[in-house]
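Student: Below are the structure tokens for one structure; questions will follow.
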Amino acid sequence: MEKTTVVVIGGGATGLGILRDLSMRGVKALLVEKNDLVNGASSRYHGLLHSGGRYAVKDQEAAKECIIENQIMRKIGKSCVEPCGGMFTRLDIDDPAYEELWVKGCADSGIEATPITLDEAFRLEPRLSRKHVKSAYLVPDAAVDGFRMAWQLIDSSKRYGGQVKTYTEVIGFDSVNGELRGVKVRNQFTGETYEIGCDIAVNAAGGWAAFVGKLAGVEIGVQPDKGTLIAFNQRIVNHVVNRLHKSSDGDIFVPHGSITILGTSSMSVPDPEDTSTSRAEVESLLKIGEQTFEDLRDFRILRTFAGSRPLYIPPGGAVGRSASRGFAIVDHAQDGLKGLFTIVGGKFTTYRLMAEKMCNQICAKLGNNTPCRTAEEPLVEEVSQADIDRAKKFFPSYGVKLAATRLGVDRFKKVVARLESDPESRELVCECENVTRAEVEEICKDDTSFIVNDVRRRTRIGMGTCQGNFCALRAAAIFADMGVESTAKDSLTRMEEFLQGRWKGIRPVLLGRTLRETEMTRSIYELSMNLTEVSPQ
Amino acid sequence: MKTSDVIIIGGGLAGLMAAAVAASRKQKVTVLTYGSGSLPLASSAIDFGSLENLPTHHPYKKIGLKSCDAAAKFLLDIAAQANLPYLGSVSKKIPIVTAVGTLKYSALVPESMNASNLANKKKIFVAEIKGLKDFYAKMLADNLKKYFPDKTFEIVKFDLHMLGGRDITCMDAAQLLTDNEQPFANELKALNATVDDAIIIPPILGVAGNFSRDVVQTQIRAQIIETTCLPPSPPGIRLQRAFMKYLQASSVRFFENSKVIRGVTDGRKVTGVVVETVVREKVFPARKVILATGGFYSGGITMRDFDQPREPIFDLPVFFPTGEDFWSNAKLFSDKPQGFSTTGILTNDNLNPIDADGKVLFDNLHVVGANLGGCDKIFERSAGGIAIASAYKGATL
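Protein chains in written order, with this note's numbering: chain A, 1 to 537; chain B, 1001 to 1397.
Encoded structure:
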């Protein structure tokens, strides 16, 4: 039987943070995830690294944690964070009294909120509504890439011996006399079931924590709370732009590279797997968004997506926006199962702190006194200027830095060497995101690459302007060439699956220029490729 | 500005076809285009889909079978004149090989793509061309084998010495071969393939007509079969050039980069159209106007807000399925038509635009091609057929 000391359940930011922390403290750990990594709220979110301003009135403890972790993340995750800064703007329809509370809340929480003149606000954010915006402040918000952060956490963990198994679902726990002995899992592709022996298991399954708890016969108060977001195909804002009012739907814009994300709604849902979005949700976000940016509807919407916040509900606690964004750690020894912990709630910005607190408890149990170092050590080594200069000969220069941060030092070196020696590998698989064939092939070799979507999340193929029109064919063909056959699917099915994944987010925003892209997708794959084969009539 | 007998707005397949048909009938024709139309995107094989059991609003109901047959013949003739031989007819189903290795059946097919004889071949070679983007021989062969499990497939590698400083597409390769086919012919000859064999290659045999293919095929005993490809598509461009050649020979006035912004109307009559140029607006008078501006892809129909599609030039009423549930299907590649793709303008039997009550809006304006509403042309595989048949009818009325 496979054995480890700690099994971490869930490949979101919290689980990955725990894996890294344990590995760095010398504890043998293995993470299992039933899907691909960051499939839940750790990627289905704004990509906002909170300054804490959002919580300055309602939850100052959370606000303080945010500003501290914000500074740490900028240091250890340099290449995942875009330090674009944030702006809070109060509109004419917002309560001025709240502004006063907020200014005081920021001061009390240690968040620097600098008032600026409206002229300055319009200079920094030219698209802000001249009609509605009445006051503005700058705060140290930033944008953070959840995908990139996840792969870097994995790379960091692996350096210290951490292991990861994706598409591996927990189906039960094995215990003797109330003491945990192991975790039973199933491979999602082969259906094979087996047990991983361990002393401790951590349920860090986020929105799924209650389901995992149920397998061990324990009850967990977690309420999946669905948030819907819209990705625009342009950089509408330069800063993270927040509405300065009591936190509500659709009031944050976050710039990421060449796109902008607007969100979010808040809706309690029974099932964390529910990532459906509707036209009504999109309309409602646009209606709120255009109060701050009047010409919002003239921008092309790339897609919409949704994720579930795993809100922690203590017995008798509040739900929805009123629920705490705090987190809780439960030692299930209290429920009669020694060795099982659950960590639930919290938010992306504070995942590292949550992991640290969780690992402190685990290490205390294990008698391990090694201190936590996750706040000091950068996630990955920085790619050297020499390697970047070498790569610039073959990459479109815009793509070099992106590829370097996506790939990390070792893989980047390999890819650049490949580009140098094999001119055919220089072709762009994805023109929108500047991804070369060498990079796609390198990622295909990874032990967490099973389906085209896994490679998409790591490389960003198919995430740009054309939403997979060209790279769906190319990626499926490369999979076939590379012999990635773990799912035993043929290239046509892979193409269809990949485009269907894109379609899910396009469908509720099927208007404007996105209609044009969709007609092109259909022309290529239905007419020119006859992907959905039609027999002669 | 002299008054045209007919102004055609749009230079896609429908616009070019309408212009050619009108010119063939000695009309004074003006074509106004903005953008390149959808031909560079297309395989150039023309599908008609089914002409039977059609719903009331289906464009074929207005076009009629007679125009379909006449349009097919006309296109075959235009293509032949440009040495771009096509085969087929409205009711034919001729297989072609796609870039991903599926077979697709079309009514009118360029000879270079005709895969009808594949079933009689013993061995099928699939060409892999060094440095050429978007053509994956292994994937193609793996998928094509499913149709022909008892045949021998062999992937053969060719080097056309095309690796340069940037990605090489089929269009680049076709341009290269247009200038000099012989190196590729030599490589193919070295295969010693027999008449019992077929060689499947990406569509790179030149950008004009069948000239490059003729040079190569006469030196090879095995049949060379071109596939479809990701855009830009050389076969689509060959068809576009065949039309352009005909229009030039017929003295059709062809204005590129000319965006028509509105019509000039007098009651139920269109007297001209207004083109926006860099410095001013310019009126083009006409006795008849053919609207071939395409659907959502080409901007003939736009939709900024949900449930509010627009036809931007004449502000014609646009038919569309209302509400999210009817707008699209849960599956992108669905087993039923996509509602949004049925969006478009409805017409009477003369292809004149009508309103919701069936009232004709303009008597000398004819709507042709992808901006006709009432059916999902991609789902039906009828986009090409509707384009050329409606254009034919619109131009002959």
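Think of the CB as a built atom: it goes at the ideal place given N, C-alpha and C, for glycine as much as any other residue.
With a threshold of 8 Å between beta-carbons, can A/Asn434 be considered close to chain B, or not?
Tutor: With 8 Å as the cut-off, A/Asn434 does not count as an interface residue toward chain B.
Student: Looking at B/Ser1250: is its Cβ nearer than 8 Å to the Cβ of B/Val1275?
Tutor: No; because the gap between Cβ atoms is not below 8 Å, this pair is not in contact.
Student: So, using beta-carbon positions, are B/Val1097 and B/Leu1103 closer together than 8 Å?
Tutor: Yes, the pair counts as a contact, with Cβ atoms nearer than the cut-off.
Student: Just checking: is the beta-carbon of A/Glu533 within a distance shorter than 8 Å of some beta-carbon in chain B?
Tutor: Closer than 8 Å: yes.
Student: What does DSSP give as the partner residue(s) for A/Glu2 in the beta ladder?
Tutor: Answer by DSSP bridge pairing, in chain order: A/Ile196.
Student: Per the DSSP calculation, B/Cys1170 is bridged to which residue(s)?
Tutor: Answer is none; B/Cys1170 lacks a bridge partner.
Student: Looking at B/Gly1236: is its Cβ nearer than 8 Å to the Cβ of B/Pro1095?
Tutor: No, Cβ-Cβ distance for B/Gly1236 and B/Pro1095 is not below 8 Å.
Student: Thinking C-alpha only, which one of B/Thr1218, B/Leu1205, B/Pro1085, B/Asn1143 is nearest A/Leu531?
Tutor: The shortest Cα separation from A/Leu531 among B/Thr1218, B/Leu1205, B/Pro1085, B/Asn1143 belongs to B/Asn1143.
Student: Could you run through the stretch 331–361 of chain A and flag, in chain order, every residue whose CB is less than 7 Å away from some CB of chain B?
Tutor: Hits within the stretch: zero.
Student: Can you round the beta-carbon distance between B/Val1367 and B/Ile1386 to whole angstroms, since I take them to be within the 8 Å contact cut?
Tutor: That belief does not hold up - the Cβ atoms of B/Val1367 and B/Ile1386 are roughly 11 Å apart, past 8 Å.
Student: Do the stretch 1220–1230 of chain B and the stretch 1053–1067 of chain B make contact, defined as three or more Cβ pairs closer than 8 Å?
Tutor: Segments in contact, no.
Student: So is B/Met1303 in contact with chain A if we call contact Cβ pairs under 8 Å?
Tutor: Yes, because at least one Cβ of chain A sits closer than 8 Å to the Cβ of B/Met1303.
Student: Cutting at 7 Å between CB atoms, please list the residues of its own chain near B/Phe1211, excluding the five before and the five after it.
Tutor: Once the five neighbours on either side are set aside, the close Cβ partners of B/Phe1211 are Asn1083.
Student: So if I threshold CB-CB distances at 9 Å, which residues from the stretch 231–265 of chain A count as touching chain B?
Tutor: Cβ contacts with chain B come from no residue of the stretch 231–265 of chain A.
Student: Suppose only complete runs of 4+ residues qualify. What are the alpha helix (DSSP H) ranges in the stretch 204–272 of chain A, listed by chain order?
Tutor: For the stretch 204–272 of chain A, whole alpha helix (DSSP H) runs of length 4 or above, ordered along the chain, are 209–215.
Student: Across the stretch 1276–1291 of chain B and the stretch 1327–1337 of chain B, are there enough close Cβ pairs to call them in contact, namely three or more that are closer than 8 Å?
Tutor: Result no; under three Cβ-Cβ pairs closer than 8 Å.
Student: What are the boundary residues of the alpha helix (DSSP H) that B/Ser1067 is part of?
Tutor: 1065–1081 is the span of the alpha helix (DSSP H), which, as asked, contains B/Ser1067.
Student: Please report the Cβ distance between B/Val1215 and B/Arg1238, rounded to the nearest whole angstrom; I am assuming they are in contact, meaning their Cβ atoms lie under 8 Å.
Tutor: Incorrect: roughly 15 Å between the Cβ atoms, too far for contact.
Student: What are the start and end residues of the beta strand (DSSP E) that includes A/Ala142?
Tutor: Here the beta strand (DSSP E) through A/Ala142 covers 142–144.
Student: DSSP three-state call for B/Thr1271: helix, strand or coil?
Tutor: Of the three classes helix, strand and coil, the one that applies to B/Thr1271 here is strand, per DSSP.
Student: Look at A/Met87 and A/Arg373 and say whether their C-beta atoms are less than 8 Å apart.
Tutor: Result no, Cβ atoms of A/Met87 and A/Arg373 do not sit closer than 8 Å.
Student: Nearest by alpha-carbon distance to B/Phe1158: which of B/Thr1152, B/Lys1121, B/Pro1202, B/Asp1325 is it?
Tutor: Considering only alpha carbons, the answer is B/Pro1202.
Student: CB-CB under 7 Å to A/Val103, same chain, minus the five flanking residues each way: which ones, in chain order?
Tutor: Ala113, listed in sequence order.
Student: Counting Cβ pairs, one atom from each stretch, are 3 or more of them under 8 Å apart for the stretch 301–315 of chain A and the stretch 25–45 of chain A?
Tutor: Touching, per the Cβ criterion.
Student: What does the Cβ neighbour count give for A/Pro270, buried or exposed, with the cut at 16 atoms within 10 Å?
Tutor: A/Pro270 is exposed by the Cβ-count criterion.
Student: Is there at least one Cβ from chain A nearer than 8 Å to B/Asn1117's Cβ?
Tutor: Chain A contact via Cβ: absent.
Student: Are the CB atoms of A/Gly47 and A/Val202 nearer to each other than 8 Å?
Tutor: Going by C-beta atoms, A/Gly47 is not nearer than 8 Å to A/Val202.
Student: How many whole angstroms separate the CB atoms of A/Gln291 and A/His50, which I take to be in contact at a CB cut-off of 8 Å?
Tutor: No, A/Gln291 and A/His50 are not in contact; Cβ-Cβ is about 22 Å, not under 8 Å.
Student: Counting along the chain, where does the alpha helix (DSSP H) carrying B/Met1113 start and finish?
Tutor: Counting along the chain, B/Met1113 falls outside any alpha helix (DSSP H), and DSSP gives it neither H nor E.
Student: Which same chain residues, not among the five before or five after A/Ala13, have their C-beta less than 6 Å away from its C-beta?
Tutor: Ser42, Phe348, Tyr351.
Student: Go through the stretch 16–96 of chain A residue by residue and report every complete run of the alpha helix (DSSP H) that reaches 4 residues or more, in order.
Tutor: Correct list: 60–76.
Student: Which of helix, strand or coil does DSSP assign to B/Arg1262?
Tutor: Note: B/Arg1262 maps to strand in three-state DSSP.
Student: Would you be able to state if there are at least three C-beta pairs under 8 Å between the stretch 1017–1030 of chain B and the stretch 1350–1365 of chain B?
Tutor: No: fewer than three Cβ pairs fall under 8 Å.
Student: What does a CB cutoff of less than 7 Å around A/Glu69 pick up in its chain, not counting 5 residues either side in sequence?
Tutor: Counting only Cβ-Cβ distances below 7 Å, and skipping sequence neighbours, we find Thr349, Thr350, Arg352, Leu353.
Student: Pull up the distance between the alpha-carbon of B/Gly1376 and that of B/Glu1154, whole angstroms please.
Tutor: The amino acid occupying residue 1376 of chain B in the given sequence is Asp; Gly does not appear at that position. About 38 Å.
Student: Does B/Tyr1136 come out as helix, strand or coil in the three-state DSSP assignment?
Tutor: Coil, per DSSP.
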